[in-house]
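Here the structure is laid out as structure tokens; the discussion comes afterwards.
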Amino acid sequence: MPPDAPPVHQPKTARASSNVDVLPSIYQPAHNIVIWKRALDSTIRGQIQTLIIAQPNLALTSTVSAKSVLNTLQSNFDNHQDYQALFSDISTLVDMFSCLLDCEHVGLRLKVISQAMCPRFHVDRVPVRLVTTYQGPGSQWLAHADADYSKLGSGNQGLSDEKSGLYRHAEHIHQLQAGDVALLKGQLWPDGEHSALVHRSPPQYDQQPRLLLTLDGIF
Numbered sequence: 024m025p026p027d028a029p030p031v032h033q034p035k036t037a038r039a040s041s042n043v044d045v046l047p048s049i050y051q052p053a054h055n056i057v058i059w060k061r062a063l064d065s066t067i068r069g070q071i072q073t074l075i076i077a078q079p080n081l082a083l084t085s086t087v088s089a090k091s092v093l094n095t096l097q098s099n100f101d102n103h104q105d106y107q108a109l110f111s112d113i114s115t116l117v118d119m120f121s122c123l124l125d126c127e128h129v130g131l132r133l134k135v136i137s138q139a140m141c142p143r144f145h146v147d148r149v150p151v152r153l154v155t156t157y158q159g160p161g162s163q164w165l166a167h168a169d170a171d172y173s174k175l176g177s178g179n180q181g182l183s184d185e186k187s188g189l190y191r192h193a194e195h196i197h198q199l200q201a202g203d204v205a206l207l208k209g210q211l212w213p214d215g216e217h218s219a220l221v222h223r224s225p226p227q228y229d230q231q232p233r234l235l236l237t238l239d240g241i242f
């Protein structure tokens, strides 16, 4: 579990790097999102496209460990040999996430999505979540200083996010790119009630399917 920490209410910032070593920065109180920016190789991209065509309604949810994840993935796909590079990448992310959080088991979700799953801005009721979009538009998020937390949930008084005052300008909306691996602090992180990352699923105007992976630590 994340370590206990005294309340810290100064604005949180994002940290991004093309180096995987950026991920442990999520433990720094100054950051509520850390992004490992990476480009997927052509083999993985090809396997992603094959998977989306073969399983357009994919919605895999499972509890896995670093040791079991590859077998879990393979057992859920008849033609698993067609996706070995993708499954290897997912297994690596599970291993990294487990080590980072010091937890043996991880809640894994792998879904093909053709419409916004969480269209409104919100925060997650978890300590920290790993999110990566393998194909399609990435998740959108607001910097801590640009979000009025009082406008989340019922605080919006029935108004849309655009009209509630949750954020001031559309330019304040940031977006992850396909391949990016992001760690998002949630409400259950120390001081998370005041600093969890505000984010949402991206609008999918062209109905381009997404392949989304999320990981949650199980403690």
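24 is the number of the first residue of the sequence shown in the working numbering; add one for each residue after it.
The beta carbon of each residue, even a glycine, is placed where N, CA and C say it ideally should be.
Source: prediction; values computed, not measured.
| Check | Outcome |
| --- | --- |
| Expected contact under 8 angstroms - CB spacing of F120 and L93 to nearest Å | 15 angstroms between Cβ atoms; not a contact. |
| Terminal residues of the beta strand (DSSP E) in which V87 lies | 82-88 |
| Coil, strand or helix - V154 by DSSP | strand |
| Sufficient close CB pairs (3 or more, under 8 angstroms) joining the segment 182-190 to the segment 37-47 | no |
| Close Cβ partners of I58 (< 6 angstroms) along its chain, the five nearest in sequence each way excluded | A39, D203, A205 |
| Extent of the continuous beta strand (DSSP E) run through K208 | 204-208 |
| Integer Cβ distance of T237 from R152, believed to fall under 8 angstroms | 6 angstroms |
| Cβ distance (whole Å) where Q163 is taken to contact P225 below 8 angstroms | 5 angstroms |
| Per-residue DSSP class, three states only, for D169 | helix |
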